[in-house]
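First up is the structure itself, then whatever we jot down about it.
In structure tokens form, the structure reads like this:
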């Protein structure tokens, strides 16, 4: 990073140009005086060309492969990595070794040793690596943090936290889609819920002492396929009654289709029909090659004696997080729509209403707040990210250990491990 960043835009190169990258790059669209995209690396021609056109990039600023980019690097302050999860570690390490700061879409990598190596390399090279834990930047979750830190309700005794993945999100991403297999991405707890574990650590300011976890791929398996079902929903005689129908999800309700690439000369309708007949997203949920869990619970005992119950479930129409915090002088209860605070003495109650931002773009502005924080840090190096790489490694460690507990049936005692910076 150059010394004059305070007087010019931070420059960034995007490696991966999918949904999350485009959400984050909206900040550069709105605030070009603060952030400027100077390069893109993307194998998919449609996505690469779309980003190049949107930001006015020249041919020499566009690459199909990140190895080619690092062989002929573009001067920039930072790299934004939004590649598939099994392609996080390698480009991140290459970016660090080349001296770039890095903003890395979660999760960090596919193993705990890889996560630790990224953190160690960042410290050695003196660069910043931020992980995109957007809950820390979301108005609703920030309010929970403020209420806890205010001390008005005393100290935390226990937390119950639920992530309702939602049936549509689950069948789209974790049964038919790119997060369906651990080797292609990660165990579902890490892919979907490292956000949640990070949030819980943020609240408690404590390490996890012991944990146990249970869960399985209970339902979306071949042996549970209804008699008479077929490999594709579009051909299935049971489709009109099936709650998991791809035809209903994509063609009728038109949900979860924003990431379907539409080649030049084609229409979205044609792409949907092609996907239903030939693509991964047209498959019966009972006839896919998925292996990640569809429900999981984690029980945690923290070093400060707080107990946490965390649950992740796909079998719900909801698509929200629900949190109940019990403290020594009151309790906090919320579902992302409303947040209720009650005191024990006087039985006073107040409610915060977040319904006006529920479902609004960019995670209610959290995506853009995260990018702004990253830009601020690069502009003012004396500041610290709201979520550091050490925070992120610690939350990932809990996820990996929870998966070990799920597979072995053991209660895991955690050693001191990575340093957790309290903030």
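Numbering (this note's numbering), first residue to last: 37 to 459.
From the three backbone atoms N, C-alpha and C, an ideal C-beta is built for every residue, glycine too.
Quick caveat, the model's predicted, so the values are computed rather than measured.
Following the DSSP letters along the chain, one finds residue 159 inside the alpha helix (DSSP H) bounded by residues 148-161. By the neighbour-count definition (other C-beta atoms within 10 Å, threshold 16), residue 422 is a buried residue. Residue pairing of residue 87 in beta bridges, as defined by DSSP: absent, with no partner found. Judged by DSSP in its simplified three-state form, residue 214 adopts coil rather than helix or strand. As DSSP reads the structure, residue 361 sits in a beta bridge with 195, 368. In the three-state scheme derived from DSSP, where H, G and I count as helix and E and B as strand, residue 240 is classed as helix. Judged by their CB atoms, residue 226 and residue 380 are not nearer to each other than the 8 Å cut-off. Secondary structure at residue 123: helix, using DSSP grouped into helix, strand and coil. Boundaries for residue 115: no alpha helix (DSSP H) harbours it, while the beta strand (DSSP E) harbouring it runs 114-117, taken from the DSSP string.
Counting only runs of at least 3 residues, the segment 281-362 fully encloses the following beta strand (DSSP E) elements, listed from N- to C-terminal order: 331-338, 343-349.
Of the residues 52, 340, 202, the one whose Cα lies closest to the Cα of residue 347 is 202. Under the three-pair Cβ rule at 8 Å, the segment 107-127 counts as touching the segment 73-88. Excluding the 5 residues flanking it on each side, residue 114 has same chain C-beta neighbours closer than 7 Å at 46, 48, 136, 137, 138, 139, 414, in chain order.
Cβ atoms of residue 244 and residue 425 stay farther apart than 8 Å, at about 18 Å. Judged by pairs of C-beta atoms under 8 Å, the segment 150-164 does not touch the segment 172-182, as fewer than three such pairs exist.
Residue 56 is positioned such that its CB atom lies no closer than 8 Å to that of residue 191.
One thing to note: residue 199 has its Cβ no nearer than 8 Å to the Cβ of residue 221. A distance below 8 Å separates the beta carbons of residue 231 and residue 169.
DSSP links residue 250 through a beta bridge to 333.
Given a length threshold of 3 residues, each whole run of the beta strand (DSSP E) inside the segment 378-448 is given here in chain order: 385-389.
Distance from residue 211 to residue 321 at the Cβ level is roughly 5 Å; contact confirmed, criterion being Cβ atoms closer than 8 Å.
Beta-bridge pairing by DSSP links residue 98 to 76.
Between the segment 236-254 and the segment 438-449, the count of C-beta pairs closer than 8 Å reaches three or more; the two stretches touch. The C-alpha of residue 353 lies about 8 Å from the C-alpha of residue 204. Around residue 70, the same chain offers 45, 46, 411 as residues with beta carbons nearer than 7 Å, after the five sequence neighbours per side are excluded.
Three or more beta-carbon pairs separated by less than 8 Å are not found between the segment 359-366 and the segment 258-268, which leaves the two stretches without contact. With at least 16 other beta carbons inside 10 angstroms of its own, residue 127 counts as buried.
Here residue 208 carries a helix assignment [DSSP, helix/strand/coil].
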